[in-house]
Structures are given as structure tokens and as C-alpha cells.
Ligand code: HEC
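Numbering (my numbering), first residue to last: 2 to 227.
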């Protein structure tokens with residue numbers, strides 16, 4: 002019995018010693034916290050604090066021109082510029098992006114956030130800001146005939162770098178998102194300029210019904226107005 006108790010006490014004692022031994026040193030030792038002042042770095046890199054004292058900045062400044070891992074871009078890549086090596090606007094999506102439904106959904110989401118307030122959800126230039134604001138030049142429709150033949154790079158570069166009095170969105174969206182928006186502008190264009198022969202028979206029926214309904218309702222509205 003006695004031997005067993007002694008043995009237990011020994012085990013407990015060792016455990017206690019080991020555990021406490023590990024902890025305290027690491028916990029209280031000097032260390033630099035993010036955004037902390039530092040006496041150590043003050044020697045090499047002094048900063049004057051608001052209180053007039055000289056401190057060092059515990060968070061090390063990044064060396065100039067640092068690029069995060071995986072963020073190195075080739076500034077001449079058509080994916081980045083929207084133009085090919087000859088400086089012509091791209092007529093197709095660059096190979097980095099794939100035309101899928103998700104890609105177009107992303108474009109729709111970003112368009113509705115960043116462009117629709119001016120250019121309108123349907124791209125017709127009738128966004129709330131266009132209707133209410135005072136513009137030196139009106140907000141253009143993105144679905145008008147003249148723009149149907151513009152290469153897709155036109156919509157990418159206009160979105161990224163801006164156009165005339167419209168500022169660019171390159172700092173607010175990634176290049177991939179800007180391509181998605183450009184692709185979605187094409188969707189809007191098609192939605193309002195689809196050739197009749199490309200429509201499914203049921204859609205042609207719907208169109209014909211809508212036209213009939215309009216014709217039927219028009220005499221009434223004229224009668225009411227009189
Ligand atoms: C704050 C309002 C506003 C927002 C938001 C806006 N635009 Fe514009 N956009 C304009 C105006 C105004 C013009 C015409 C500028 C001019 O003629 O100087 C224009 C012109 C354009 C043109 C050229 C159209 C043409 O007639 O050739 C394109 C393309 C375009 N915008 C795309 C976009 C895209 C894509 C977005 C979203 C990323 C966007 N715009 C967001 C106001 C806006």
C-alpha cells in the first residue's frame with residue numbers, strides 16, 4: 002500500500018513540475034504583438050508616436066514592391082489588359098476564364114452591384130442614378146445596336162479603367178469578375194436583340210400573346226384617357 006502511495010505521489014509531483022515548468026516562461030517572455038510598439042526595432046527604425054516619444058513599429062513594414070504569393074501578374078497579359086499583343090481589344094474571353102453558367106451568374110451579381118444603378122438592370126441606361134442624377138452627358142444604354150458589334154474587351158476595359166466621365170472599377174473588382182461582368186453585358190444585349198429565328202417556339206408564342214394583349218389593351222387606355 003505504502004509503496005503504491007509513494008509511487009502515485011511521485012508521478013503527480015513529476016507531472017506538476019513538468020506542466021508548470023513549461024508554461025510560465027513562454028507566457029511572460031518578451032514578444033512583439035501586431036501593431037505594437039517595439040523597443041527592439043526602435044534602434045533600427047525609429048517612429049515618433051503621438052505622445053512625442055520615439056518608438057519602433059513592432060509590425061515590420063513590407064519591403065517596397067512586395068507581391069503576395071500567387072499574386073504576381075504579367076502586366077501585358079490580355080487577361081489583365083483586355084487587349085491582345087497588337088493592342089486590339091479582345092473579341093473572345095481570355096483562356097483564364099471559362100464561359101459557364103456560374104461565371105455568368107457571378108457577372109450578373111457584380112453587374113447588379115456595380116453597374117445597374119446607372120446603366121439599369123436591363124442595361125438600357127435607365128438606372129435610378131441615371132434617372133435622378135444630373136449628368137453632363139446621359140448614361141448610355143449598353144444594349145443599343147451600336148454596341149452589339151463592340152468586342153467583349155470593350156466592356157472589360159470600360160469597366161476596369163472607366164470611360165469618359167465614368168470612373169473605373171479596377172480597384173473594386175478582380176479581373177475575373179470584370180470579365181464576368183463583360184460577359185453578362187453580352188447576355189443583356191442578347192436578351193433584347195435576339196433574332197426571332199433563335200427563339201424557342203414557346204417563346205415566339207409568348208411574344209405573339211403579349212403583342213395581342215397590348216393591342217387589345219390599347220383602345221381601352223385611349224378611351225380612359227379621353
Ligand atoms: C455612376 C454611374 C455609372 C456606373 C455605376 C457605371 N457607369 Fe458605365 N457609364 C456611365 C456614364 C455616365 C457613361 C458615359 C461616359 C461619357 O460619355 O463620358 C458610361 C459609359 C460606359 C460605357 C461606354 C458605353 C458607350 O456608349 O460606348 C461602358 C461599356 C460602361 N459604361 C460600362 C460600365 C460597366 C461594366 C459598369 C460596372 C462595372 C459601369 N459602366 C458602371 C455611368 C456609370
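Every residue gets a Cβ at the ideal spot worked out from N, C-alpha and C, and that includes glycine. This structure is a prediction, so every number in the text was calculated from the model and none was measured.
In terms of side-chain proximity, the C-beta atom of residue 180 is found no nearer than 8 Å to any non-hydrogen atom of ligand 1. The three-state reading of DSSP puts residue 113 in helix, counting H, G and I together. Measuring C-alpha to C-alpha distances from residue 123 to each of 79, 190 and 75 identifies 190 as the nearest. At a Cβ-Cβ threshold of 9 Å, residue 134 and residue 180 do not count as neighbours. A buried status is given to residue 82, since no fewer than 16 other beta-carbon atoms sit within 10 Å of its beta-carbon. Per DSSP, residue 99 lies in no beta strand (DSSP E) segment and is marked neither H nor E. Short of 7 Å from the beta carbon of residue 74, and not among the five residues preceding or following it, lie these beta carbons of its own chain, in chain order: 81.
Nearest to residue 148 by C-alpha distance, out of 117, 92 and 203, is 92. Within the DSSP bridge table, the entry for residue 58 names 38 as partners.
By the criterion of a C-beta distance shorter than 6 Å, residue 36 is surrounded in its chain by 60, once the five residues flanking it on both sides are discounted. Taking 9 Å as the cut-off, the Cβ atoms of residue 163 and residue 155 do not count as close. Ranked by Cα distance from residue 153, the options 213, 31 and 184 are led by 184.
Put simply, of 39, 145, 58 and 140 the residue whose alpha carbon is nearest the alpha carbon of residue 168 is 140. Take residue 15, set aside five residues on each side of it, and no residue of its chain has a beta-carbon closer than 8 Å to its own.
Per DSSP, the beta-bridge partners of residue 164 are 167.
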